Amino acid sequence: MTFKSGDTLVLMTDGVFDVMGEEIVQTILEAHRLAPDELARFVLSQAKALGAQDDASVAVIRILSDTPLRSDTAAAL
1 MTFKSGDTLV
11 LMTDGVFDVM
21 GEEIVQTILE
31 AHRLAPDELA
41 RFVLSQAKAL
51 GAQDDASVAV
61 IRILSDTPLR
71 SDTAAAL
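Quick note, the sequence shown lines up with residues 1 to 77 if you use UniProt numbering.
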């Protein structure tokens with residue numbers, strides 16, 4: 001998988017995804033230009049508002065550089 005500067009990666013548990021789905025999350029990403037931590041909290045609050053009752057976690061990662069990881073660094077991840 002290749003990422004470029006400015007890309008946003010959103011990771012979530014099924015407790016969030018099951019009530020929101022990909023389309024809702026995509027709409028939120030396109031409509032809200034929030035910092036990653038604010039975006040994670042917003043997605044989580046929307047999931048809870050939609051009735052999420054399972055474990056719910058969201059992580060948002062914004063790619064800041066096109067510089068690839070060195071192979072030894074990538075292997076450690």
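We put the beta carbon where it would ideally sit given N, CA and C, even for glycine. Being a predicted model, the structure only gives us computed values, none of them experimental.
Nearest residue (CA-CA) to residue i, options the options
{"i": "valine 16", "options": "Ile61, Arg62, Thr67, Ser57", "result": "Ser57"}
Nonlocal neighbours in the same chain, by C-beta distance under 7 Å from residue i, ignoring five residues either side
{"i": "leucine 50", "result": "Val19, Met20"}
Own chain, CB closer than 8 Å to residue i, minus 5 neighbours either side, in chain order
{"i": "valine 43", "result": "Val10, Met12, Val16, Met20, Val25, Ile28, Val58, Val60"}
{"i": "isoleucine 63", "result": "Phe3, Lys4, Ser5, Gly6, Asp7, Thr8, Leu9"}
{"i": "aspartate 54", "result": "Thr13, Asp14, Gly15, Asp18"}
{"i": "leucine 34", "result": "Phe42"}
Three-state secondary structure (DSSP) of residue i
{"i": "arginine 41", "result": "helix"}
{"i": "isoleucine 61", "result": "strand"}
Cβ shell of residue i (< 6 Å), same chain only, five flanking positions each side left out
{"i": "proline 36", "result": "Val60, Arg62"}
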